[in-house]
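To keep things clear, I will list the structure first and then write my remarks on it.
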Amino acid sequence: MQLTLEEKEMLAGGQGRATQKAMQILVALGNIYAAERMIPVSSVQVAGVSYDNLGESGLLFLSEMAEGGGRVRVLTTLNPAGMDIQNWCNLGVQPDFAEKQLRVLEAFSRMGVTTTCTCTPYLTGNLPLFAEHLAWSESSAVCYANSVIGARTNREGGPSALAAALTGRTPEYGLHLAENRVPTFTFQVDAGLVETSDFGALGKVIGEKIEASKAIPYILGVQSATLENLKSFCASLATYGGAALFHMPGITPEAAQFCPPDNQITITQADLEAASHSLNDAAEGEVDFVSLGCPHLSLHEIARIANLLEGRQVKKEFWITTARPTKQIADRMGYTCIIEEAGAKFAADTCCVVAPIQRRFTALATDSAKACYYAYAKNKFKTVFLPFDEVVRLALQ
Ligand code: F3S
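Residue numbers (this note's numbering): 322 to 718.
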C-alpha cells in the first residue's frame, strides 16, 4: 500500500501506541484486500459494544487502546450496548454484568467516542451525506448508509471501525470503489408492501436468493417506502443475505445511474407470505416477550405505540428499544409516560438481541425479521412475526 508521510508516522509509532496499533490493523486489512491507499473517513460507527459479545478479551483490548492514548479523529458513535445504561435494573440485568458494561463504555468514552448506543445512528446525529466515505460496523446501518443515503462504507468489524476512528482513515477497497457498487441482479417485486414486517419479509426473500452469490440487488416494483420500511428492509437483507448495498429506482440515490441487470427474478405475494410463515414457529399463546425496535425505533414509531397503548395495560414483558436521544424526545412529548403507565418498558441503548437474556423467555413477538433470526440463533427463543400494530395487540392480550 502507498502510505502518506503521516500514515507512515502513525505506523511507526510516532503518534502513540494506540494509533500505531490502529494503523497496523488497517494496513493488514488493506493488504488482504489489495487496497492501494488509505482514504479519509468522515464518520465511524463501532459495533461490538455489548459485554455479552465482547467478553473479557474485548474489554481488555478497549482498555489498552484507551490507555495507549487512543483518541478519535472523526465523529464516532456506538452500536447498542448490552443494557439500558440508566434503567438496567428494571430489565433484569445483573449488577456484575452492568459493572463490566459500564467499563466498556468508559473505555470508549476515554477515547472520545460519543457513547450514543444505537443501530440507527442516522436518526441521532451521525448522519452522513451522499458519497461520503465512512467506516461503519452495524450491518443494517451499513446497508442503510450505502443504499438509502448513497454514502460509502464496507461492513467493518469492531476493531477495524475503532482503528478507522483513531486514525481517520480506512483502506480503499470494496464499496468505497465505484466499480464495486454496480447492481448485478434484478428483482421484480409483484407484491403489496405496506408494513415494516412486509419489508422485513422482502429482505428475507431477496437475502436468501443472493446469499451465495453476493449479488448486488436492483429492485423494481417498490412504489414507495418510508424511512421505517427501509430500515427494516436493510436489517433483513443484511441478516439473510449479508448484503451491504441495494438499489431501488425512485427511492435510492444511485439507482438512476444504472440499468436493470438482464438476469431477473420475480418476487410474488406468495413468496412474502412463505417468508413470514417461516418466521412463526410459536403459537401466539406461547408468547411471553414482546419487543419492537429492531432496528431502533424512530420517534414516529414510538408515537404510534403510545397511541395504541393509551389507557390500556400490557399483559406481557414488552420492551421498546430505541436510542437514548430518541427516548429523550419521547419523554418530552409525553409518549414515555403513556407507554410506561401501560406497563411496557423502555430499553434504550440496547436491544432484545444484544442484551444478556439467553433462554429467559419462551417466545418473542416482533415485527422484525432480523430479530426473529437472532432470537432463535442467539437467545434460543421461538418467534411470532407480525405487523407492528398486531405486535402491540398481542402484548395487550
Ligand atoms: Fe439493532 Fe439490535 Fe436489531 S443492534 S438492528 S436492534 S439486533
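Ideal placement from N, C-alpha and C gives every residue a C-beta, glycine not left out. In this text the structure is predicted, and so the values were computed from the model without any measurement.
* Asked: Going along the chain, which residues of its own chain have a beta-carbon closer than 8 Å to the beta-carbon of Phe709, five neighbours each way excluded?
  -> Glu516, Thr517, Ser518, Leu613, Glu622, Arg625 and Asp688
* Determine the closest residue to Thr704 out of Met654, Cys658, Glu385 and Phe610, with distance taken between C-alpha atoms. => Phe610
* **C-alpha gap between Ser378 and Pro677, whole angstroms** => 17 Å
* **Per-residue burial, Ser461 [other beta carbons within 10 Å of its own, 16 or more giving buried]** => buried
* Could you tell me the distance, in whole angstroms, from the CA atom of Arg394 to the CA atom of Leu483? => 10 Å
* When you compare only the Cα positions, how much space is there between Ala472 and Gln718? -> 43 Å
* What is the rounded straight-line gap between the Cα of Leu551 and the Cα of Val469? -> 8 Å
* Asked: Nearest-angstrom Cα distance between Asp592 and Gly513?
  -> 11 Å
* Asked: Under 8 Å between the Cβ atoms of Met386 and Asn352?
  -> no
* Simplified DSSP assignment, three categories, for His617 -> coil
* Confirm, please, whether the CB-CB distance from Ile660 to Leu630 is below 8 Å. => yes
* Asked: What three-state label does DSSP hand Arg338 in the structure shown?
  -> helix
* To do: Label Leu450 either buried or exposed according to how many other C-beta atoms from any shown protein chain fall within 10 Å of its C-beta, with 16 as the threshold for buried.
  => exposed
* **Runs of alpha helix (DSSP H) lying entirely within the segment 374-423, each at least 4 residues, in chain order** => none
* Asked: Lys342 CB to nearest chain C CB: under 8 Å?
  -> Absent from the structure is chain C; it holds one protein chain and no more.
* Asked: So which residues put a beta carbon under 5 Å from any heavy atom of ligand 1, going in chain order?
  -> Pro401, Cys440, Ser461, Ala556, Cys615, Pro616, Cys672 and Val674
* Taking all protein chains shown into account, do 16 or more other C-beta atoms lie within 10 angstroms of the C-beta of Tyr354, making it buried, or fewer, making it exposed? -> exposed
* Asked: Taking the runs of the beta strand (DSSP E) that are 3 residues or longer, which of them lie wholly in the segment 409-497?
  -> 435-438, 455-457 and 490-492
* **Residue range of the unbroken alpha helix (DSSP H) whose run includes Tyr694** => Ala690 to Ala698
* Asked: In the DSSP assignment, what residue or residues form a beta bridge with Glu638?
  -> Phe610
* Keeping to the same chain, check which residues put their C-beta closer than 6 Å to that of Tyr494; ignore five residues upstream and five downstream. => Tyr354 and Ala356
* Asked: So, is Gly376 buried or exposed, given that buried needs 16 or more other C-beta atoms within 10 angstroms?
  -> exposed
* Asked: Does DSSP put Thr671 in a helix, in a strand, or in coil?
  -> coil
* Asked: Cα-Cα, which of Gly478, Ala690, Leu381 and Gly403 is closest to Ser371?
  -> Gly403
* Unbroken beta strand (DSSP E) run spanning Asp652, endpoints -> Per DSSP, Asp652 belongs to no beta strand (DSSP E); it is in the alpha helix (DSSP H), Arg645 to Met654.
* From Arg680, Val526, Pro504 and Ile531, residue whose alpha carbon lies closest to that of Pro570 -> Pro504
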